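Protein chains in written order, with this note's numbering: chain A, 8 to 401; chain B, 172 to 478.
A virtual CB, placed ideally from N, CA and C, is assigned to each residue, including glycine.
Since we're looking at a predicted model, the values are computed, not measured.
Presented below is the structure to which this report refers.
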Amino acid sequence: MTARRAVWLIARRELHARLRTRSFLIGTAVSVAVLIGFVLLQSTVFGAANVTRVGLSGQATVLSGSLGEEARTRGVDVRASTVRDPVAGEAMVADGDLDALVTGPPAALRVVVGDTLDENLRRALNALVQQEVLRAQLAAVEELDPDQVLATVADAGVDVRSLHAPDAQRDQRLAVALVIVALLYLSLLLYGTMVAQGVVEEKSSRVVEILLATVRPWQLLLGKVIGLGLVGLAQLAVIGAVGVVLATATEVLTIPGAALGTLVWGLFWYLLGYLFYASVFAAAGSLVSRQEETQAVLLPVTSVLVLAFVLGLGLLTRSPNGTATAVLSVLPPFAPILMPGRIALAEAPAGQIALAAALTLAAVALLARLGGRIYAGAILRTGPRIPLREALRG
Amino acid sequence: MLEIDALEIDALEIDGVCKRYGDVAACDQVSFQVRAGELFGFVGGNGAGKTTTMRVVLGVVAADAGEVRWAGAPLDHATRRRFGYLPEERGLYPRMRVLDQLVYLAELHGFGVNQAHRAAEDWIARLGLREHRDAEVQRLSLGNQQRVQLAAALVHDPEVLVLDEPFSGLDPLAVDVLAAVLRERAGAGVPVLFSSHQLDLVERLCDRVGIIQRGRMVACGTVDELRAGSGTTVVVHAPGAAPGWADGLAGTTVVGVHNGRVRLRLADGVDDQAVLAAALATGPVREFSHHRPSLVELYRDAVGDGS
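This is how it looks when you write it as structure tokens:
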């Protein structure tokens, strides 16, 4: 029997063992459900929450047109309605049916809100009031036509020259980037832990002794890593594809091509990251003999993953093209999570992607040797946790 | 004669195996042979070195010195894959079903899919596991887990069997089934090396026995050969004799007195007729016999009191 067949048999056992468990099916279904929920939430609740409902009463009703326009220039979507009775309007604000009630003459508006007035809406209202006051002042000067002055003032503004074409899809790209970063983080954490738990299971159940009387340690480890990696890859692909299809269908995403590209890059980086972390997780797992000790020995590894995730969220949101982001995203422990995020934002130069992939592959080769050696040295030793140095000595 | 046999019959040869753990010599120049078709009982106290020797044979532990050969060739990975092994610390995948587990192990040992399925079903039936074939191993009783473990050692029709304590934890019926299976395997030309603390069973079952103590082989051979090496023991019943009559007889040692019967160990070349004459001198002799020591007694003699 060839080594390849042995590795394939071991990988196939892992595939069967995982794909058949209820927890895997439930886990995938729950992830998909959460994703659906998130998308629907985005398209309905958040969409509705962006509209500010303003009630106009008394003299303020004349503002129904100008308020909408003024607010739009400040990024607030106002739906103005007329309220006959200010008292009833106040009650509506108290009940949350209105976000604000505006009353009084245009030059001295009064606003009733629940707790605070949205800053942009306040500026819009202030501008309207100031215009009204200005118009009154200008009207006192005889040789001026207030409307013409106001029109001239309204036309005046800075001339903006953009160095880049504006990216209308910026928000969507960021959302896609954050989703892929979160998915990669969860997948690497979950399947890395599974590798470690699988190693500990074979060690604690002692099945490893009859296995190692048949196959070599590296075959056993490689088979396990490949098997679990394929399960993780399939799960990530399914969840990602469902997410893209749903978000496109509900029009939360209008960039399905970019999202799909991100998913493909995400799968690529999942593979690299998984290979990187799996050897470390396996080596760590092989040092202990009982499942209860697994979490403690994995803590340093999971901490690095958590760090990559937290850094990823912060850096991608604030400075996706900054020096720190660029440096961290080519370093192997962080690259599998940060780089696909930058790619999703279209902020990753091809050279940096290639460098990150090359560095990660080199690290994978190094860690596979080191991890394999620790694993082979520790896998047959039961009892208390094995010091790293002894495992390396074999 | 032995040399000729060794040439003609394949054998598992353990040759000068040494293994130290720190200051403890688990194996110290352990050498013996298990010939094809032979049941070899490996006997020794706890920590005597049986398990370490077996793990060296299977390559699970690397020996510090010495060599293990099968059919004249040093063992390599491909050869060992055709061995069947029952480790001291039992272990199977707890959440895997019995049938799947056996099929998987048969395939790992080089069987094709169909062959693996047939062999797994066959051993499930032979070891009385039919009603448990779809159960997870962790749901079985310990005795039944032990049967699955035996099936795992046998499922790939191994060329050589190395079984560490295969009879422990089995009920009497299962012991009979396993004994029959081991005899049948040996009959098919497989060398069977197994360890056991049940010496009566070893005596009944084995062609040859090896006794190990503190990492060293202290005796090896058929039970009759071990008996021959242990000297002559006679039992004398002389009811009229005064207690202590046999003390100081030339070339003899009293090894025990039981129900008035004196058991005497004779040194090499001592004439048993002289002992009989001495006994007759004390009065009537009702019984005078040569004693065939059991393996238990031979074992006690071999390891001494210090074990």
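Distance from the CA atom of residue 374(B) to the CA atom of residue 465(B), rounded to whole angstroms, is 8 Å.
With 16 or more other Cβ atoms from the protein chains shown falling within 10 Å of its own Cβ, residue 187(A) counts as buried. Boundaries for residue 387(A): no beta strand (DSSP E) harbours it, and the DSSP string shows neither H nor E there. Non-local beta-carbon contacts of residue 225(B) in its own chain, meaning distances under 6 Å to residues more than five positions away in sequence, involve 333 and 335 in chain order.
For residue 90(A), the three-state secondary structure derived from DSSP is coil. A Cβ-Cβ contact shorter than 8 Å links residue 386(A) with residue 210(A). Annotation for residue 38(A): the continuous alpha helix (DSSP H) segment containing it runs 29-48. By alpha-carbon distance to residue 90(A), the top candidate from 83(A), 314(A), 13(A) and 99(A) is 99(A). The criterion of a C-beta distance shorter than 8 Å is satisfied by residue 384(B) and residue 474(B). Secondary structure at residue 202(A): helix, using DSSP grouped into helix, strand and coil. As summarised for the region 384-458 of chain B, the continuous alpha helix (DSSP H) elements at least 4 residues long and confined to that stretch are 394-400 and 443-451, given in chain order.
Interface residue (Cβ-Cβ distance to chain B less than 8 Å): residue 38(A) is not classified as such. The beta carbon of residue 393(B) is closer than 6 Å to those of 379 in its chain, skipping five residues each way along the sequence. Here residue 320(B) carries a helix assignment [DSSP, helix/strand/coil].
Across the set 251(A), 299(A), 26(A) and 124(A), the C-alpha of 251(A) shows the shortest separation from the C-alpha of residue 190(A). Contact between the region 279-291 of chain A and the region 365-379 of chain A is present: 3 or more CB-CB pairs across the two stretches fall below 8 Å. For the beta strand (DSSP E) assignment, the uninterrupted runs of no fewer than 3 residues enclosed by the region 199-265 of chain B are, from N- to C-terminal side, 210-215, 236-241 and 254-257. At least 8 Å separates the CB of residue 30(A) from every CB of chain B. Distance between residue 351(A) and residue 269(A), taken at the CA atoms: about 5 Å. Within chain A, the residues 213, 216 and 389 have their CB atoms less than 8 Å from the CB of residue 260(B), given in chain order.
Secondary structure of residue 338(B) (DSSP, three-state): coil.
The beta carbon of residue 262(A) is closer than 6 Å to those of 176 and 179 in its chain, skipping five residues each way along the sequence. Contact of residue 317(A) with chain B is not assigned, every C-beta pair being separated by 8 Å or more. Pairing residue 86(A) with residue 234(A) gives a Cβ-Cβ distance that is not under 8 Å.
At a cut-off of 8 Å between beta carbons, residue 283(B) makes no contact with chain A.
A straight line joining the alpha-carbon of residue 361(B) with that of residue 460(B) spans about 39 Å.
A buried status is given to residue 433(B), since no fewer than 16 other beta-carbon atoms sit within 10 Å of its beta-carbon. Within the region 264-292 of chain B, the residues whose Cβ lies closer than 8 Å to some Cβ of chain A are 264, 265, 266, 267, 271, 275, 276, 278, 279, 280 and 281, listed in chain order. Against chain A, a Cβ distance below 9 Å from residue 230(B) picks out 219 and 220. Between the region 294-304 of chain B and the region 262-269 of chain B, the count of C-beta pairs closer than 8 Å reaches three or more; the two stretches touch.
By the neighbour-count definition (other C-beta atoms within 10 Å, threshold 16), residue 169(A) is an exposed residue.
In the three-state scheme derived from DSSP, where H, G and I count as helix and E and B as strand, residue 105(A) is classed as coil. Nearest to residue 214(B) by alpha-carbon distance, out of 431(B), 409(B) and 372(B), is 372(B).
The way I'd put it, the region 218-226 of chain A does touch the region 276-290 of chain B; three or more beta-carbon pairs between them come closer than 8 Å. For the pair of segments examined, the region 324-332 of chain A was found to touch the region 347-362 of chain A: the number of CB pairs separated by less than 8 Å reaches three.
Under the DSSP assignment, residue 350(A) falls in the alpha helix (DSSP H) whose first and last residues are 342-351.
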